[in-house]
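Take a look at the structure set out below.
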Amino acid sequence: MVDDRPRDEDRLVARAKRGDAAAYAELVHAHESIAFRTAWLITGSAAEAEEAAQDAFLKAYRSLKRFRENAPFRPWLLAIVANEARNRRVAAARRERLLLRAQEAGVARDRSPSPEASVLEGEQRAELLAAVERLPDRDRTVIACRYFLELTEAETAAALGCRRGTVKSRLSRALDKLREEAA
Amino acid sequence: MTDLHERLSALGDDLDWPPTPAFEVRVPQRRRAPIARRTLVLAALLTLLLVAGVAAAVVISLDGATIEQRDEPRPPEPEIGALALGRPIELADAPFTPLVPERAGPPESVHLRDGIEVALTYPPARGRPRSRTNGLGLLVTEFRGDLHPDYVGKIAFQGTVVERLRVDGERAVWIEGAPHFFFYRPPGGQLEERELRLAENVLLVERGPLLVRLEGAFERDEALALARSLRPA
């Protein structure tokens, strides 16, 4: 999980709303990784994700006046980033299917007690990832948001541009399909 | 698969995420500088560009063009003066095949500047009011990729909207809320103050090897419609 929420976010937001660019830069820096990854999941392209995130950071700054103080900043920012990413995906007309890949062996975190178990676990992870890959785009995205990015339900709803209830039902269906796929 | 949730969460750690870029967060300051200071800041900024040749606070880049959002207030309104568009030519004499916006019809005049920049002028028309800065309804300027200056830039001031777009799948930038400076440095040459002029709303569009600038007092939709109607002359 990309857990980079600053400790004093409310104060930073208040300062940024008063026009403190340094405070805003600190806010963006705290969330740039999750913002970029969210955009990447939506656009399927690192270059498009970078542009989407960069533009979204500027748009968010210009919209700060409308941001309700003491509200969580991250879902609000992610909604802007995701919207920008979706616009780019639409503008691109076609989208390369996002290929989720595991890191090279040895780089991935090894949680197994023995080499044999490690190999087995690696295979299981690869199978699970392949099963996720075979899911329709909408199902893959909701799983990626909730589990890979570890976004909250509200943040996932913001990123996908839908209601929380939709996230729940979509995720439930996606997990059912995944169980079938991996059975 | 009772542990599916845990396994999915663990998978997130193992994914080969692309590295997060180093984002430059450059946002306009909301406070206004005193008028006397504005002149100094502008002079310092231009000096910096002359010396460095490359803007430090790049917000948006196209091939051959860079747009920089600056914290500074807008400069004073410009006076309408003679446009330095180069010598008049016929479309057929351009050093490359220029793109002409069919929506605007045939240009009123065609110019070639420094052998690298083709400019097309159009009188005011419906949806394209007279520009305060050049008196035209539409000014189109074009560079070819292998001929364009080694550096093309704009400085957008406070209150200027800079929006990145796609026009027919190709990259574009809409700059609204001008005036802003436009400048360029010919290949191997020095950026000179006389190259500076003030522009109004501008849509910069990439079209294959060409970088096309549509400039005028028109709205964004009109600019996009003009860009979509660009055809080889």
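Protein chains in written order, with our numbering: chain A, 1 to 183; chain B, 184 to 416. Just so you know, even glycine gets a beta-carbon here, dropped at the ideal spot from N, CA and C.
Counterpart residues of residue i in DSSP-defined beta bridges
i: residue 302 of chain B; result: B:294, B:324
i: residue 147 of chain B; result: Any property of residue 147 of chain B remains undetermined from this structure, which presents chain B solely from 184 to 416.
i: residue 80 of chain A; result: Per DSSP, none; premise fails for residue 80 of chain A.
i: residue 271 of chain B; result: B:294
i: residue 317 of chain B; result: The partner list for residue 317 of chain B (beta bridge, DSSP) is empty, contrary to what the question assumes.
i: residue 350 of chain B; result: B:353
i: residue 384 of chain B; result: B:399
i: residue 135 of chain A; result: In DSSP, residue 135 of chain A forms no bridge with anything.
i: residue 394 of chain B; result: B:326, B:389
i: residue 283 of chain B; result: B:414
i: residue 149 of chain A; result: Residue 149 of chain A is not bridged to any residue.
Short Cβ contact (8 angstroms threshold) for residue i with residue j
i: residue 323 of chain B; j: residue 274 of chain B; result: no
i: residue 38 of chain A; j: residue 149 of chain A; result: yes
i: residue 75 of chain A; j: residue 155 of chain A; result: yes
i: residue 88 of chain A; j: residue 43 of chain A; result: yes
i: residue 416 of chain B; j: residue 280 of chain B; result: yes
i: residue 326 of chain B; j: residue 387 of chain B; result: no
i: residue 64 of chain A; j: residue 35 of chain A; result: no
i: residue 159 of chain A; j: residue 52 of chain A; result: no
i: residue 357 of chain B; j: residue 406 of chain B; result: yes
i: residue 268 of chain B; j: residue 302 of chain B; result: yes
i: residue 359 of chain B; j: residue 403 of chain B; result: yes
i: residue 40 of chain A; j: residue 30 of chain A; result: no
i: residue 147 of chain A; j: residue 194 of chain B; result: yes
i: residue 140 of chain A; j: residue 153 of chain A; result: no
i: residue 174 of chain A; j: residue 167 of chain A; result: no
i: residue 412 of chain B; j: residue 284 of chain B; result: yes
i: residue 67 of chain A; j: residue 28 of chain A; result: no
i: residue 190 of chain B; j: residue 128 of chain A; result: yes
i: residue 390 of chain B; j: residue 346 of chain B; result: no
i: residue 385 of chain B; j: residue 282 of chain B; result: no
i: residue 316 of chain B; j: residue 383 of chain B; result: yes
i: residue 271 of chain B; j: residue 298 of chain B; result: no
Burial state of residue i, where buried means 16 or more other Cβ atoms lie within 10 Å
i: residue 314 of chain B; result: buried
i: residue 185 of chain A; result: Because chain A is modelled from 1 through 183, residue 185 of chain A falls outside the range shown and cannot be assessed.
i: residue 176 of chain A; result: exposed
i: residue 291 of chain B; result: exposed
i: residue 294 of chain B; result: buried
i: residue 188 of chain B; result: exposed
i: residue 180 of chain A; result: exposed
i: residue 54 of chain A; result: buried
i: residue 136 of chain A; result: exposed
i: residue 16 of chain A; result: buried
i: residue 399 of chain B; result: buried
i: residue 259 of chain B; result: Because residue 259 of chain B carries a pLDDT of 43, less than 50, the predicted location of this residue cannot be relied on, and the following value inherits that uncertainty. With fewer than 16 other Cβ atoms within 10 Å, it is exposed.
i: residue 202 of chain B; result: exposed
i: residue 131 of chain B; result: No answer is possible for residue 131 of chain B: it lies beyond the span of chain B, which begins at 184 and ends at 416.
i: residue 161 of chain A; result: exposed
i: residue 33 of chain A; result: buried
i: residue 250 of chain B; result: Any reading at residue 250 of chain B must be qualified, since the residue scores a pLDDT of 47, below 50, and its modelled position is unreliable; no value is offered.
i: residue 84 of chain A; result: buried
i: residue 361 of chain B; result: Annotation note: pLDDT 47 at residue 361 of chain B (below 50); position unreliable, no value reported.
i: residue 300 of chain B; result: buried
i: residue 320 of chain B; result: buried
i: residue 56 of chain A; result: buried
i: residue 130 of chain A; result: exposed
i: residue 70 of chain A; result: exposed
i: residue 60 of chain A; result: buried
i: residue 172 of chain A; result: exposed
i: residue 169 of chain A; result: exposed
i: residue 144 of chain A; result: buried
i: residue 355 of chain B; result: buried
i: residue 47 of chain A; result: exposed
Chain-ordered neighbours of residue i on chain D, where CB pairs are closer than 9 angstroms
i: residue 187 of chain B; result: Judged by its chain identifiers, the structure shown contains no chain D, and its protein chains are A and B.
Which residues, taken in chain order from the region 45-59 of chain A, show a beta carbon closer than 8 angstroms to some beta carbon of chain B? Shown in chain order are the members of the region 45-59 of chain A whose Cβ falls below 8 angstroms from a Cβ of chain B: 46, 49, 50, 51, 53, 54, 55, 57, 58.
Kindly provide the ranges of any alpha helix (DSSP H) runs that are 4 or more residues long and lie completely inside the region 38-76 of chain A, ordered along the chain. 46-62
Residues in the region 60-77 of chain A with C-beta within 7 angstroms of chain B's C-beta atoms, listed in sequence order? Result list: 61.
Against chain B, which members of the region 131-163 of chain A pass a CB distance test of less than 9 angstroms? 132, 143, 144, 146, 147, 148, 149, 150
Anything in the region 24-46 of chain A with a Cβ closer than 8 angstroms to a Cβ of chain B? List those residues in chain order, please. 24, 25, 28, 29, 32, 33, 36, 37, 40, 46
Pull out every residue of the region 382-394 of chain B whose Cβ sits closer than 9 angstroms to any Cβ of chain A, in chain order. none
The region 163-180 of chain A: which residues have C-beta closer than 9 angstroms to a C-beta of chain B, in chain order? 175, 178, 179
Near-chain A residues of the region 191-203 of chain B (beta-carbon distance less than 9 angstroms), N- to C-terminal order: 191, 192, 193, 194, 195, 196, 197, 198, 199, 200, 201, 202, 203
Residues in the region 347-359 of chain B with C-beta within 7 angstroms of chain A's C-beta atoms, listed in sequence order? 347, 349, 352
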